[in-house]
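In the numbering used here, the protein residues as written are 15 to 991.
Think of the CB as a built atom: it goes at the ideal place given N, C-alpha and C, for glycine as much as any other residue.
Some notes on the structure that comes next.
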């Protein structure tokens with residue numbers, strides 16, 4: 015009425031469009047959406063035909079200050095534009111969604127509260143989320159950063175629940191003014207059981223006062239929550255609270271407000287709900303002080319009249335661990351005890367979602383051999399002692415032994431010295447490096463190409479760099495881990511790692527995934543997803559590396575890219591076309607179809623990752639492959655991760671060391687230094703390191719020697735410890751088997767004796783040595799134990815022959831030269847087997863067949879033939895010298911053959927009547943050894959006189975069954991016994 019007096023107003027009919035909202039009104043209710051507005055925004059950005067996304071942002075996205083899209087729109091980066099594009103793709107999939115408000119319903123108000131704990135990477139603050147439904151339709155919602163840093167997820171949920179309670183009181187007053195009636199009960203659902211326990215337990219309230227002090231007026235503890243609700247109640251303008259009640263702090267507040275706060279902060283948890291009762295003011299304190307923990311606490315005499323609650327807070331989600339504890343006491347609640355007060359024992363581990371208090375560190379403890387500790391430059395002896403579990407005095411003694419000066423336990427240690435001390439006490443180490451004060455610049459992405467064998471990985475790389483490596487490979491498959499740099503038509507550079515697809519090279523694929531930035535998963539469009547495809551996906555996921563799918567061989571008539579996409583989705587890979595974040599490109603290495611799109615996808619993914627590295631200071635590098643050259647000695651193919659690797663530096667590589675004598679790039683040209691993401695070949699090491707070792711630059715040759723010696727000692731200790739564990743397990747197995755044999759009432763069949771097959775492995779590079787060794791170990795069986803007694807890189811030499819002659823081993827060479835004639839002749843004279851192959855398929859098949867020959871096999875009883883009894887003859891004994899009466903079975907051989915030397919089994923109606931040896935077998939009047947199928951014969955069984963016409967006599971013989979060598983399509987091999 016006031017607006018009509020001051021303004022001219024006219025009726026324009028039912029509202030249909032307002033502020034970008036489409037409004038549809040009718041009998042079904044009022045439906046609103048933003049279809050037109052969303053389509054207009056999409057059209058302005060040229061995204062009308064884009065693929066929709068299921069989520070507004072990428073999963074597990076962590077935002078930093080320089081990535082906040084609303085702050086840097088004057089000069090946005092590509093990453094900002096990609097994030098906005100992802101949001102618009104999400105909007106594309108929601109244009110048909112809206113809210114439909116109906117007139118039916120009881121006018122119930124329902125709220126949900128939730129929080130994200132410590133999601134902000136800058137100030138560690140969480141996010142509060144609240145939404146309220148009226149008659150099942152959302153009417154208000156909010157998502158905002160919390161005003162203070164929560165110490166646990168419990169506190170974050172507590173803040174969110176408090177914000178929801180404030181919103182609930184305000185909405186209650188607003189609905190009362192609109193509808194003319196007061197909402198008597200509001201339901202707020204909280205998904206955190208510990209937060210509910212914190213609200214209702216006065217013991218926790220006293221311990222949460224630090225929250226208010228820390229936030230300087232935040233609303234995280236009990237008193238601050240009351241003040242916040244009080245302010246919201248007053249802002250609503252209700253003015254309905256007249257009674258006053260003195261709270262625990264002595265402040266006078268409204269009685270109804272205090273009741274609301276008491277119901278929120280002193281809620282009672284049941285098995286599936288926490289009921290907050292609308293209690294009289296005099297009863298609130300009594301029930302809160304009682305600390306009830308079960309249903310019976312509120313269901314006793316005189317309690318049900320207090321259950322007309324205004325608020326109902328429920329938890330609607332719980333983990334299996336919480337469900338198992340549903341009948342136990344709530345976390346931290348106190349029970350009323352009879353008699354003398356006893357302090358409730360506390361557990362060393364914190365409860366689920368409860369505020370975490372770190373346990374006290376032990377001063378000294380025994381170090382576990384598998385324990386891995388993190389070390390860094392400048393850490394003190396005291397910090398190292400805590401991580402190693404050793405006393406400071408022990409570490410200071412080690413410092414003196416390695417020649418370091420000991421002054422104080424608070425003096426900083428070098429990272430090399432810290433590693434030496436940790437290895438001395440038996441701990442494994444992981445080095446941590448800081449980029450503080452360093453020059454950090456963008457670097458080229460490292461891309462690893464992975465996939466099933468023969469799916470065209472190397473051919474695809476040949477098409478990208480315009481070479482023909484695949485045509486020169488032995489057997490037409492990749493058997494090494496290659497690293498090279500490819501210049502793209504756009505001028506960018508990408509470092510590629512080419513991995514083998516055969517099942518034997520699983521360790522190589524794992525190393526490639528561990529050092530890479532992006533994984534290109536190559537899948538053949540005609541074959542689809544295969545075993546090594548799934549393995550490559552698991553390697554990428556375990557290394558937390560993004561995947562770009564390249565569907566190769568799309569030029570073939572039998573190609574079906576859509577089927578491949580469905581298979582990938584069924585394996586858990588969320589493709590962009592299906593609302594995920596994994597890019598898919600259809601390519602052909604033969605016709606070079608889609609190579610430009612693949613390049614664009616890789617550069618886009620790299621730009622989203624914002625790859626940078628430190629370029630100054632000592633280098634950190636990774637051993638991709640290692641081989642032995644006759645003229646230059648040990649050669650290492652390395653990939654620089656950070657810093658600059660300079661010729662002439664002293665390095666420690668695994669358990670080896672040396673001084674870099676020369677550095678060569680992928681083209682074989684000498685260079686003085688190597689920068690991040692650059693694959694190089696270095697020479698100058700004293701020994702051959704293992705593939706996957708880290709390259710560490712040290713200050714001097716003495717320090718490199720010390721690190722190498724300490725690591726060799728640690729490796730030897732670990733090897734001896736593993737041998738002891740294996741021997742102990744073997745002894746326990748034998749002891750258990752003997753006990754079972756003694757306890758068994760029936761005799762147990764003796765297992766065939768296990769034959770040991772010693773093998774010496776020589777290969778061209780360190781990676782293939784490991785691959786061949788791992789594959790040979792998979793050929794172990796209950797009958798043959800494959801014992802790899804020695805491995806090495808390089809050609810077969812005289813020392814290998816001497817070791818084989820002393821141990822009776824077989825020498826296996828992979829991708830090495832055939833031994834000279836003198837060595838071959840000496841091996842033949844010493845009866846030593848030498849097997850040299852260049853293709854992994856042929857090597858494993860040859861060794862598998864050799865193992866089958868060496869296996870003793872198992873003897874099994876088989877039926878060699880069957881004969882049917884046609885007539886029975888009885889031969890009377892004429893004197894004692896000629897023996898007693900004899901029964902002869904006249905038979906016809908129905909199947910196989912019958913031999914006199916075999917065991918005979920007499921069957922009648924399918925049941926065994928007799929089993930014994932044959933004493934006589936005649937064909938007509940002639941004694942014969944064997945009777946073939948279709949012929950008639952007479953036979954006599956020792957001590958068997960119960961023949962009947964129609965009986966069946968089986969001829970049994972023992973057959974030695976050898977194990978079988980089995981190879982799958984993926985290349986996996988095994989021995990089946």
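Pick from the options that is closest to residue i, judged by C-alpha positions
i           : options            : result
residue 110 : 47, 887, 121       : 47
residue 803 : 796, 791, 797      : 791
residue 193 : 163, 121, 176      : 121
residue 467 : 411, 425, 410, 545 : 545
residue 657 : 619, 626, 651      : 626
residue 551 : 634, 501, 465      : 465
residue 189 : 161, 858, 149, 686 : 149
residue 855 : 811, 603, 789      : 789
residue 185 : 167, 123, 141, 213 : 123
residue 994 : 513, 439, 521, 478 : Residue 994 lies beyond the stretch modelled for the chain, which goes from 15 to 991, so this question has no answer here.
residue 992 : 179, 869, 172      : Look at the range of the chain in this structure, 15 to 991, and you will see that residue 992 is not part of it.
Sub-8 angstroms separation of residue i and residue j beta-carbons
i           : j           : result
residue 902 : residue 889 : yes
residue 861 : residue 849 : yes
residue 899 : residue 927 : no
residue 174 : residue 125 : no
residue 461 : residue 530 : yes
residue 596 : residue 608 : no
residue 579 : residue 536 : no
residue 779 : residue 826 : no
residue 107 : residue 67  : yes
residue 933 : residue 954 : yes
residue 786 : residue 828 : yes
residue 177 : residue 208 : no
residue 96  : residue 622 : yes
residue 797 : residue 769 : yes
residue 696 : residue 674 : yes
residue 693 : residue 653 : yes
Span of the beta strand (DSSP E), counted from its first residue to its last, around residue i
i           : result
residue 464 : 460 to 465
residue 903 : 900 to 913
residue 930 : 925 to 937
residue 979 : 978 to 981
residue 47  : 43 to 47
residue 678 : 670 to 678
Helix, strand or coil at residue i [DSSP, three-state]
i           : result
residue 305 : Any reading at residue 305 must be qualified, since the residue scores a pLDDT of 37, below 50, and its modelled position is unreliable; the value itself is stated next. It is coil, neither helix nor strand.
residue 425 : coil
residue 34  : coil
residue 108 : coil
residue 972 : strand
residue 468 : coil
residue 132 : coil
residue 795 : coil
residue 892 : Summary for residue 892: the model assigns pLDDT 49, below 50, so the residue's position carries little reliability, and this model does not support an answer.
residue 568 : coil
residue 843 : helix
residue 575 : helix
residue 178 : helix
residue 664 : strand
residue 127 : strand
residue 149 : coil
residue 878 : strand
residue 783 : helix
residue 414 : helix
Residue interval of the alpha helix (DSSP H) (run including residue i)
i           : result
residue 695 : Run containing residue 695: none in the alpha helix (DSSP H); it sits in the beta strand (DSSP E), 693 to 699.
Query raised in the report: Is the segment 399 to 417 in contact with the segment 695 to 702, if contact means three or more CB pairs nearer than 8 angstroms?
Result: Touching, no, given that fewer than three Cβ pairs across the two stretches are closer than 8 angstroms.
Requested in this report: Please confirm if the segment 874 to 882 is in contact with the segment 901 to 916, defined as three or more CB-CB distances below 8 angstroms between the two stretches.
Outcome: Remark: three or more beta-carbon pairs, one from each stretch, lie closer than 8 angstroms, so the segment 874 to 882 and the segment 901 to 916 are flagged as touching.
Query raised in the report: Any chance the segment 555 to 563 sits against the segment 29 to 39, with 3 or more Cβ pairs inside 8 angstroms?
Result: Flag = no, the segment 555 to 563 and the segment 29 to 39 do not touch.
Query raised in the report: Looking at C-beta atoms only, is the number of pairs between the segment 432 to 446 and the segment 501 to 510 that lie closer than 8 angstroms three or more?
Result: No, the segment 432 to 446 does not touch the segment 501 to 510.
Query raised in the report: On the three-pair Cβ rule with 8 angstroms, is the segment 726 to 736 touching the segment 679 to 690?
Result: Contact between the segment 726 to 736 and the segment 679 to 690 is absent, with fewer than three C-beta pairs closer than 8 angstroms.
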